[in-house]
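In our numbering, the protein residues as written are 35 to 189. Beta carbons are placed, not taken as given, at the ideal position from N, Cα and C, and that holds for glycine. Note that this is a predicted model, so its numbers are computed, not measured.
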């Protein structure tokens, strides 16, 4: 599931609109707090539940699921040139989501093995996928690709 709310929706106080308008602030929060290397990229802690800007994105992701969910992980990541993510999945979660905050030219796609799909990141785009789906990010070709990601389980 790939969602990029139309600009008109974002301008009408949707859950994501405030964040969409403050991409620069969100990118700075991610960069300032991404200090741990995880599978090839820098990330924040896994439990950023008190970061208001992250929570708004998570709430928007939850609104796209047809059943109530609980947010179990919420983090940010920044990719510098050469950073990547190895094949992995979120098997113990029903849904995973990625929100693209900053996508300079040269930002690597997310690649899904089972469906042989490469999705080029677009600033403001949210993608959701079942937690069991294997995916990876090839080596990044720029500095500053940043995301907010999370995991959801059915309540």
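Using the DSSP secondary-structure output, state which residues sit across from residue i in a beta bridge.
{"i": "residue 129", "result": "164 and 186"}
{"i": "residue 57", "result": "Residue 57 pairs with nothing; no bridge assigned."}
{"i": "residue 148", "result": "None; residue 148 has no bridge partner."}
{"i": "residue 175", "result": "Per DSSP, none; premise fails for residue 175."}
{"i": "residue 136", "result": "180"}
{"i": "residue 77", "result": "70 and 111"}
Between residue i and residue j, how many whole angstroms is the CB-CB distance? I'm expecting something under 8 Å.
{"i": "residue 180", "j": "residue 110", "result": "7 Å"}
{"i": "residue 163", "j": "residue 147", "result": "The Cβ separation is near 12 Å, so there is no contact."}
Alpha carbons only, please: which of the options is nearest the one belonging to residue i?
{"i": "residue 67", "options": "100, 95, 57 and 112", "result": "112"}
{"i": "residue 79", "options": "108, 160 and 142", "result": "108"}
{"i": "residue 167", "options": "61, 139, 131 and 137", "result": "131"}
{"i": "residue 149", "options": "90, 72 and 169", "result": "169"}
{"i": "residue 137", "options": "175, 74 and 103", "result": "175"}
To the nearest angstrom, report how far apart residue i and residue j are at their CA atoms.
{"i": "residue 178", "j": "residue 64", "result": "10 Å"}
{"i": "residue 96", "j": "residue 70", "result": "26 Å"}
{"i": "residue 128", "j": "residue 92", "result": "14 Å"}
{"i": "residue 154", "j": "residue 83", "result": "27 Å"}
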